[in-house]
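Peer 1: Structure incoming, see below.
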Amino acid sequence: MTDFGIIRGKVVVITGGARGIGLATATALRKYGAKIAIGDVDEAAVKESGTAQDFEYYGPLDVTDAQSFANFLDEVERQLGPIDVLVNNAGIMPTGKVVDEPDALTRRMLDINIYGVILGSKLALQRMLPRGTGHVINIASLAGETHIPGLATYNATKHAVLGFTDTLREEYRGSGVSFSSVLPTLTKTELISGVNPPRLLPRPAEPEEIAEAIAKLLVQPRSKVRVTFAAGLLSQVVGLLPEPVGDALGRVLGSQHAFLDQVDSGARKAYEQRVRNEPK
C-alpha cells in the first residue's frame with residue numbers, strides 16, 4: 016500500500032490548474048496534505064476553482080511569459096515557502112490537418128506545450144538546485160510515443176516534452192532534483208470534447224486516475240508513468256512492431272479518422288475556440 020504521508024506539507028505548483036487534469040491533481044494532492052498553488056491563464060476559472068477548493072494560493076499564470084511565470088513562483092514561495100514540486104500541466108490540443116492549421120495556432124501550441132514546460136522547468140531548477148531537493152513533473156501524453164493523424168503538431172510537442180524531461184533526468188542526476196514524465200491516454204476532460212476514441216482501444220482515463228498516478232510519483236519517483244496501464248502497454252507494444260505493421264494496426268483501430276473526419280465539430284466548438292483564443 017502506498018504511503019501518501021510523505022506528501023503532507025509539500026508545496027506543489029500546478030500549471031493549467033483551473034480545470035481538467037490540473038484541477039484533479041490539485042484536489043488529490045490537497046487531500047493528501049500538500050499545500051497547493053494553481054495557476055492558469057484563465058483568470059476567472061482559476062479564481063473559481065481556487066476559491067471552491069480553498070487552495071492555499073491561486074492566480075493568473077501565462078506559462079509562455081517568463082515574467083509572469085517567475086512572478087507567480089516568487090509569490091508562491093513568499094506565501095507558502097520553497098516549492099517542492101512543479102507540475103507542468105498546461106497544454107492545448109487542437110485537432111485538424113496540419114496544412115489547414117493557422118501559423119498562429121502552430122506557434123501557440125509550441126509556446127504552451129513546449130516552451131511553457133521548458134521555461135517552468137528552468138525556473139523550478141533555479142530554485143531547487145541550490146537546496147538539493149525538488150521534483151519536476153511534466154505532463155506529456157501517450158501521443159508522445161506514437162503518431163496520430165489530426166494531431167501532428169500536438170504529437171510533436173509531446174515527443175519534445177518526453178525528450179526534454181529524459182535529458183534533464185540525466186543532466187541533473189545526483190542533484191537531488193527528480194524529473195518525471197506522465198503519459199496519459201485520452202482523458203475525459205474538455206480536451207477530448209467531440210472526439211470519438213478509436214475503436215478497440217482501452218477506455219479513456221478519468222482525470223482522477225492521472226492525479227493518483229502523480230501522487231504516487233511524489234511518494235516513489237519514477238522517470239515515466241503511463242496511464243492507463245492497458246493503454247500504456249498497447250503503446251509500448253505497438254512501438255516495438257515493424258513500422259508498416261504498427262501503422263497498419265493503427266489504421267485498423269481507426270486512428271486515421273478519430274481526430275479528423277469523425278470529430279463532432281459542434282461538441283468540440285467551445286474547446287477549439289478557447290484554445291485557439293478565438294472570440295465566442
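Numbering-wise (my numbering), the sequence shown opens with residue 16 and increments by one.
Heads up, the beta-carbon is just placed ideally off N, CA and C, and yes, glycines get one too.
1. Using the rule of at least 16 other Cβ atoms within 10 Å of the residue's Cβ for burial, across every protein chain shown, is Ile225 buried or exposed?
2. If you draw a straight line from the C-alpha of Glu205 to the C-alpha of Glu221, how long is it?
3. What is the C-beta distance between Val28 and Ile133, in whole angstroms, given that I count them as a contact (C-beta under 8 Å)?
4. Quick one: is Ile21 buried, meaning 16 or more other Cβ sit within 10 Å of its Cβ, or exposed?
5. Less than 8 Å between the CB of Val240 and some heavy atom of the ligand NAP, yes or no?
6. Please state the DSSP three-state secondary structure of Asn86.
7. Let me confirm a value: Pro199 is counted as buried when at least 16 other C-beta atoms fall within 10 Å, else exposed. Which label applies?
8. In the structure shown, what three-state DSSP assignment does Phe194 receive?
9. CA-CA distance, Leu44 and Gln235?
10. Suppose you measure from the CA of Ile309 to the CA of Ile107; what does that come to, to the nearest Å?
11. Check whether the Cβ atoms of Pro217 and Leu249 lie closer than 9 Å to each other.
12. Where does Thr202 land, buried or exposed, given buried means 16+ other C-beta within 10 angstroms?
13. On the CB-based measure, 16 or more other CB atoms within 10 Å of its CB, does Thr243 come out buried or exposed?
14. Within 10 angstroms of its Cβ, does Ala230 collect 16 or more other Cβ (buried), or is it exposed?
15. Please tell me whether Gly48 and Ala105 are closer than 9 Å, where the distance is taken between their beta carbons.
16. Roughly how many angstroms separate the alpha carbons of Arg123 and Arg146, rounded to a whole number?
17. Which runs of the alpha helix (DSSP H) spanning at least 4 residues fall entirely within the stretch 162-191, listed in chain order?
18. Express the C-alpha separation of Val197 and Ser280 in angstroms, rounding to a whole number.
19. Evaluate Lys25 with the Cβ neighbour count: other Cβ atoms within 10 Å of its Cβ, from every protein chain shown; 16 or more gives buried, anything less gives exposed.
20. DSSP on Pro212, reduced to helix/strand/coil?
21. Could you compute how far the alpha carbon of Asp276 sits from the alpha carbon of Leu183?
22. What ranges does the beta strand (DSSP E) occupy inside the stretch 127-157, keeping only unbroken runs of at least 3 residues that lie completely in it?
23. By how many angstroms is the C-alpha of Glu58 removed from the C-alpha of Ser238?
24. Which residues does DSSP pair with Leu101 in a beta bridge?
25. DSSP on Gly269, reduced to helix/strand/coil?
Peer 2: For this structure:
1. buried
2. 12 Å
3. In fact, because the Cβ distance is near 16 Å, the residues do not count as touching under 8 Å.
4. exposed
5. As far as ligands go, the structure on display features none, and thus does not contain the ligand NAP.
6. helix
7. buried
8. strand
9. 14 Å
10. Given that the chain is displayed from residue 16 to residue 295, the structure contains no residue 309 and the question cannot be resolved.
11. yes
12. buried
13. buried
14. buried
15. no
16. 34 Å
17. 167-186
18. 28 Å
19. buried
20. coil
21. 38 Å
22. 149-154
23. 32 Å
24. Val28, Val151
25. coil
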